[in-house]
Structure formats: C-alpha cells, structure tokens
Amino acid sequence: MPFFGVAVETGMRAGVSTNSQPKENNFMRAALSISRIAGFAAAAFLICSVAQARSKAEARGEYLTKRVAMCVQCHSPRDDDGKLIESELFQGAPIPLQTLPSGWAIRAPRISNFPEGWSRQEFVHFLQTGVRPDGTHPRRPMPPFRMNRQDASAIAAYLDSLKYPGAE
Ligand code: HEC
C-alpha cells in the first residue's frame, strides 16, 4: 500500500527531525485512524450497494407481477366495482368468471410471502418449472410458467418484501 508506506516514512522523518518519540506516535495514531475511517467507508459502501441490488430485484419483481406475468390480476381480491383492493394485493382471490371450464381452479391462493410452507428456493423452482414442491402441477388458469432464474428470483424478492398485517 504505497499511501501507507509514504505516510509511515513521513512520520519517521518527522519523528527523526525533531527527535521526539511522542510526535511519531501521534502520527502513527493519526495514520491508523485514517485507515480505520477508510475501512468503515468501504464497509458502508458495500452495505449500501447490497441494499440497492436488492431493491432493484424487488422493483423488477413488482414490474413482472403487475405488468408482464399478471399474477396480480388473478391472485388479488377485488372490490364491488371489480377494482383490485390495493391493500390486499396477492392475498388470494376467487377467479372472477361466472362459469369456469371443467377442471379449472375456482380460486387463486395467497402468494405474498410465498404459499404456506414453501421456501423461497421452492417458489423460485416452481416459477422455473411449473412444478410444486410436492411434485404436482396447479390447475388452470394458472399459467405453466418457465421463467429464467433471474426473473423468478426477482418475483420471489418482491413478494417476500410485502408486509401485510398478520404476515410473519
Ligand atoms: C390467469 C390467472 C393466474 C395468473 C395470471 C397467475 N396465477 Fe398463480 N394461480 C392461479 C390459480 C387459479 C391457482 C390455483 C391452482 C390450483 O388450485 O390448482 C394458482 C396457483 C399458483 C401457485 C401455487 C400455490 C399453491 O399453494 O399451490 C403459485 C405459487 C402461483 N400461482 C404463483 C403465481 C405467480 C408468481 C404468478 C405470476 C408470475 C401467477 N401465479 C399468475 C391463477 C393465476
């Protein structure tokens, strides 16, 4: 580390020129605290960039669930006017059709914070393969998604970030 080398050398010279031990010690202390501050700044920077990376994934997950894969349209309850209830998004809802083709599910379950008992990894795997952790496939109209890992992980990050009253 050239900076530190120069700093030490200058410190030595300062110490030698005045021939006083305490001055050199003071200098070393100053140099050390500077390197401590630099270390702290580096750690703070690292923490901030990790936090930012996470919120980027969450933002992409929100975009995918609301604008692309349309999860929000089936998995969220609606008010009497048929509008999505913003405070209950992804909490599960009946499929809003009068008559359903045979074999279709009548309800889309809650998927915020993942379905009951699913880990994040199992959820990501499900969006990549269409297969539930127990090996079964959901019925229509749930689309059989085959997402790439990045998109599936972004959706998992976003749904996991939703905090509803009563959720863990
Ligand atoms: C067209 C409506 C529709 C869309 C769009 C949709 N789903 Fe579903 N989803 C359903 C229905 C209905 C079920 C229940 C299937 C069943 O009970 O067999 C379901 C089941 C699931 C399950 C399984 C839950 C469990 O407990 O077994 C998960 C997880 C899920 N959906 C996540 C998503 C995600 C994430 C998206 C968007 C990327 C999405 N769904 C988009 C209708 C939909």
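In terms of my numbering, the sequence shown is residues 1412 to 1579. A virtual CB, placed ideally from N, CA and C, is assigned to each residue, including glycine.
Ordered along the chain, which non-local residues of its own chain (more than five positions away) have a Cβ less than 7 Å from that of residue i?
i: ALA1565; result: ALA1468, ARG1471, GLY1472 and LEU1475
i: ARG1531; result: PHE1525, ALA1567 and ASP1571
i: TRP1529; result: PRO1544
i: PRO1505; result: ILE1517 and ARG1518
Beta-carbon within less than 8 Å of residue i's beta-carbon, same chain only, minus the 5 sequence neighbours each way: which residues are those?
i: ASP1595; result: Residue 1595 lies beyond the residue range present for the chain, which begins at 1412 and ends at 1579; the question has no answer from this structure.
i: LEU1538; result: PHE1556, MET1558, ASP1562, ALA1563, ILE1566 and ALA1567
Can you look up residue i in the DSSP assignment and give me helix, strand or coil?
i: ALA1568; result: helix
i: ARG1645; result: Shown here, the chain extends from 1412 to 1579; a query on residue 1645 therefore has no answer.
i: ASN1437; result: helix
i: ALA1563; result: helix
i: HIS1548; result: coil
i: THR1476; result: helix
i: LYS1574; result: coil
i: GLN1532; result: helix
Checking the sheet assignment: what are the DSSP bridge partners for residue i?
i: ALA1504; result: ALA1519
i: LEU1495; result: ARG1489
Tell me which residues share the same chain as residue i and place their Cβ nearer than 6 Å to its Cβ, disregarding the 5 neighbours each side in the sequence.
i: LYS1477; result: VAL1483
i: THR1510; result: none
i: LYS1574; result: none
Beta carbon of residue i: closer than 7 Å to some heavy atom of ligand 1?
i: GLN1539; result: no
i: GLN1484; result: yes
i: THR1510; result: no
i: ARG1550; result: yes
i: PRO1488; result: no
i: ALA1516; result: yes
i: ALA1519; result: yes
i: ILE1506; result: yes
i: ALA1480; result: yes
i: ILE1496; result: no
i: PRO1526; result: yes
i: PRO1554; result: yes
i: ILE1522; result: yes
i: ILE1566; result: yes
Contact check, residue i vs residue j under 8 Å by CB: the rounded distance?
i: PHE1501; j: ILE1522; result: 5 Å
i: CYS1485; j: ALA1449; result: Not confirmed; about 51 Å, so no contact.
Under the criterion of a Cβ to heavy atom distance below 7 Å, does residue i qualify as lining ligand 3?
i: ARG1543; result: With respect to small molecules bound, the structure shown includes ligand 1 and not ligand 3.
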